[in-house]
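What follows is a set of notes on a single structure, which appears directly below.
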Amino acid sequence: MNSLSIARILLVEDDPAMRTLILRVLKENGFEAIGVRDGREMADALGQGSFDLVLLDVMLPGQSGLDICRDLRRASQVPIIMVSAHGEEIDMVLGLEMGADDYVPKPFRAKELLARIRALLRRAANNGAGAGSIGSAPQDVMVFAGWRLDRRRRELIDPDGVAVDLSGAEHDLLVSFLENRQRVIGRERLLELSRARLGEVNDRSVDVLVSRLRRKLGDENRLIRTVRGVGYIFTADVATL
Amino acid sequence: MTRIGIHRWGHPWPRSLVGRLGLVLFGAVLLAVIGNAIVLGQAEQHYGDETQTWHIAEQVETAGHVLSAIDPARRENVASSLSSPYLTFTWGEASQAREAQGDNPASWLLRHEMIEHRAALAGMDLRLRTGPGTPVKAFDGDVRLLDGSTLRFAVTDLPSTVPVIYAQLGSIALLSIGVLLMALFLVQTLASPLKMLVKAADAVGNGPPVFIPTRGPQEIRHVAQAFNAMQRRIDRLITSRTEALAAVSHDLRTPIGRLRLRAGFLPNAEDRAAFDGDLDEMEGMVNDLLDYLGGEEDPEKPRRTDLPALLSTLVDNATDAGHVASYEGPERLPLALRPLGMRRAFSNIINNAIAYGGAARVTVRDMGNNAVITISDDGPGIPEEQFETVFEPFHRLEESRNRGTGGTGLGLTIARQAVTREGGTIALRNRAEGGLSVIITIPKRDDPAQKVGRHTLS
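Sequences listed follow chains S and D, in order.
Taken in order, the first sequence gives residues 1 to 241; the numbers are from our numbering.
Taken in order, the second sequence gives residues 1001 to 1458; the numbers are from our numbering.
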């Protein structure tokens, strides 16, 4: 994939009305999109052309979305977003464990879906064409200064084993810090990295977000340091399990 | 008592209520009959005492006739030989003066009794003297013989005659009370299965079905069986309705999802916002219903969770959405709880505070054994008499209905379900400064199982 503008997306969705609507949303927002009904049709479509992203519904007739996801991941590095029917955490966890890169709970707004798609395409592009960690369920568990972040479960555990709740934006911000540890990250870059989760982002909201994250990390050991006039730096070592 | 008797006779305890009541009545009657026999036996004994008086009268009359007929010189000896241990006769010359008749009711009553039996004693001018008190235990008297001499007699150890009736009354009363208590006890044992039924009937609707054991007499056993069958039917009915409601709620998400996307295609931004608002409301209702219907068998397990982080996320979300919300309390407070359930509970209460009270101020205090979370608003509060009913499913305050603030009236019900699952309590209080406070107390259980997963890499 070279540019965001003409990314090809394959949609697997059994509900015809829903399929039409999502295709329309995607096309109106500059994507090339093809819709299929189930796993078999998906295999046919993948055989005929290449795609930059697969949008996969969990509830499908015949082979379930989770099984399709697992099989697809074995064969391909293509970025996958699962669409969960229930909005239940269990689907999300399972989907991510089956190798999906992200999930969108139903019902969702067009804006939210587009933001997730763009963010994932950007991540895939940043990680180098196809070869990067994207698609291979990257760095599932990250450990820093006794803390532990499980990205599949979106779960942060403190050094005493206590779960610390994070908002979606805080989670994404923390991931951005962990992936760019011991490097100064500008506000602009953080904005871009976190855009998927924040509605209307600006400089101030990044600062607010960082201060909230610091408070949750109990940041007396100064894990996140401010670099005056530039941005922030995450100071600790990060190990990936 | 009756039971022992029945066992001795080898009769089984009858199965039917009628049989048991019949047996109880039979026992009561039997007791009454036996008791009566005993009482009457005692009465006969007292009756015997009366005839003893008559017997004395006869002896006195006979002695009088005998002494009158024999030679005066022998009279003294004969008199003493006629004496018995309780009745002593002595003879006196005609020249000796006689004592007067005793002037108390007992003396007159006794004289009347004796004369009534042996009329001849009246002709012999019977004079009796008893002691002043009752009952009469002893008395003495004399009669005049034909030649003017006197026959004196003295009676000792005479059983009382007057209080016999009272004694009988006492026995009958005691017996009656005894029979009554016995009957009450037996009827009580019959009634206890009925009480169980009443308790079970009271519990219906407040949780899972309460099946009662089919024990006791046949009729009550039938009632218990019918009651249990009724509960099974009700339970099936509720379950099928609940499943239908859950299925519909679940399926509603599909059209809501489509509408969300369709709304995005509306050319007018105002229309889009209005559609989104309505869809938010519908989605909220559907989610509330699913939470409520699925809340009782939530598979979530408790785990050590940082309470301030959980609450901060909710408060931050509210301020991001432009509402007034704040958090005050410790930076860290680990508690063993179900994070998803409790997030739902706190979120419902914070949303209520914002919707009805214009603000949500969250404070947390660590009380040692408990964590106390208070969520206060600036609204009008709610009348105290509604403090309980607001927790009932589908209950909404009147003004909220008029204001069209939406919601299913399940928010607080879901919150209480979640808090109760953590072993905590939820209470309401109208603050003196105005506004409502929701006070949640959660026990600090230290779950050692959670510490095993502890991670320290440094």
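Built from N, CA and C at the ideal position, the CB exists for glycine as well.
For LEU1082/D, which of VAL1029/D, ARG1152/D, ALA1028/D has the nearest alpha-carbon? ARG1152/D
Exposed unless 16 or more other CB atoms sit within 10 angstroms - verdict on ILE1004/D: Note on ILE1004/D: pLDDT 41, under 50, position unreliable in the model; no value is reported.
At least one CB of chain D closer than 9 Å to the CB of PHE108/S: is that the case? yes
Burial state of GLU188/S, where buried means 16 or more other Cβ atoms lie within 10 Å: exposed
Rounded to the nearest angstrom, how far is the Cβ of GLY62/S from that of MET82/S, given a contact under 8 Å? That belief does not hold up - the Cβ atoms of GLY62/S and MET82/S are roughly 17 Å apart, past 8 Å.
So, does the stretch 1108 to 1122 of chain D touch the stretch 1071 to 1091 of chain D, judging by three or more C-beta pairs under 8 Å? no
Contact list for the stretch 146 to 161 of chain S against chain D, Cβ threshold 9 Å: GLY146, TRP147, ARG148, LEU156, ILE157, ASP158, PRO159, ASP160, GLY161
Per-residue DSSP class, three states only, for ASN1228/D: helix
Please compile the residues from chain D whose C-beta is within a distance smaller than 8 Å of the C-beta of ALA17/S. ARG1258
Establish whether the CB of LEU1261/D and some CB of chain S are separated by less than 9 Å. yes
CA-CA distance, THR20/S and ALA1345/D? 37 Å
Whole-angstrom distance between ALA33/S and VAL206/S, CA atom to CA atom: 33 Å
Do you know offhand how far TRP1054/D's Cα is from TYR1086/D's? 14 Å
Using DSSP with H/G/I as helix, E/B as strand and the rest coil, what is ILE1220/D? helix
Examine the ligand GTP and report whether any of its heavy atoms sits within less than 8 Å of the Cβ of GLU28/S. This structure simply doesn't include the ligand GTP, nor any ligand for that matter.
Does the distance from the CB of ILE6/S to the CB of GLU13/S come in under 9 Å? no
Name the two residues that bound the continuous alpha helix (DSSP H) containing GLY35/S. Where GLY35/S is concerned, there is no enclosing alpha helix (DSSP H), although the beta strand (DSSP E) it sits in stretches over 32 to 36.
Any 3 or more C-beta pairs closer than 8 Å across the stretch 179 to 188 of chain S and the stretch 216 to 234 of chain S: yes
Among the residues of its own chain, which have a CB less than 6 Å from the CB of ARG24/S, if the five just before and after it don't count? none
Which first and last residues belong to the alpha helix (DSSP H) in which SER1347/D is found? 1339 to 1357
Where SER1016/D sits in the DSSP three-state scheme: coil
Residue of GLY1368/D, GLY1341/D, ASN1287/D, ALA1122/D minimising C-alpha distance to PRO1330/D: GLY1368/D
Identify which residue in GLU28/S, ILE224/S, ALA163/S, GLU179/S has its Cα closest to the Cα of ASP1306/D. ALA163/S
Can you give the Cα-Cα distance for PRO1380/D and LEU1333/D, rounded to whole angstroms? 31 Å
Should PRO159/S and ALA124/S be called a contact, given that it needs their Cβ atoms to be closer than 9 Å? no
Minimum Cβ-Cβ distance from ASP1235/D to chain S less than 9 Å: no
Alpha carbon to alpha carbon, how far is VAL1419/D from LEU1337/D? 9 Å
Whose Cβ in chain C lies nearer than 9 Å to the Cβ of ASN1317/D? Annotation note: the requested chain C is absent from the structure, which comprises protein chains S and D.
Partner residues on chain S for THR1374/D, Cβ-Cβ distance less than 9 Å: Simply none; closest approach about 19 Å.
Check whether the Cβ of GLY1284/D lies closer than 9 Å to any Cβ atom in chain S. no
Nearest by alpha-carbon distance to PRO1308/D: which of ILE1373/D, SER1249/D, VAL1179/D is it? ILE1373/D
Quick check on this structure: which residue in PRO1393/D, HIS1250/D, LEU1293/D has the alpha carbon closest to the alpha carbon of THR1239/D? LEU1293/D
Give the straight-line distance between the Cα atoms of LYS1195/D and THR1189/D, rounded to the nearest whole angstrom. 10 Å
Spatial neighbours of PHE51/S within its chain, please: C-beta separation below 7 Å, excluding the five flanking residues on both sides. ARG8, ILE9, LEU10, VAL78
Going along the stretch 213 to 228 of chain S in order, which residues come within less than 9 Å of chain D, judged by CB to CB distance? ARG215, LYS216, GLY218
Contact between the stretch 1275 to 1288 of chain D and the stretch 1244 to 1256 of chain D (3+ Cβ pairs under 8 Å): yes
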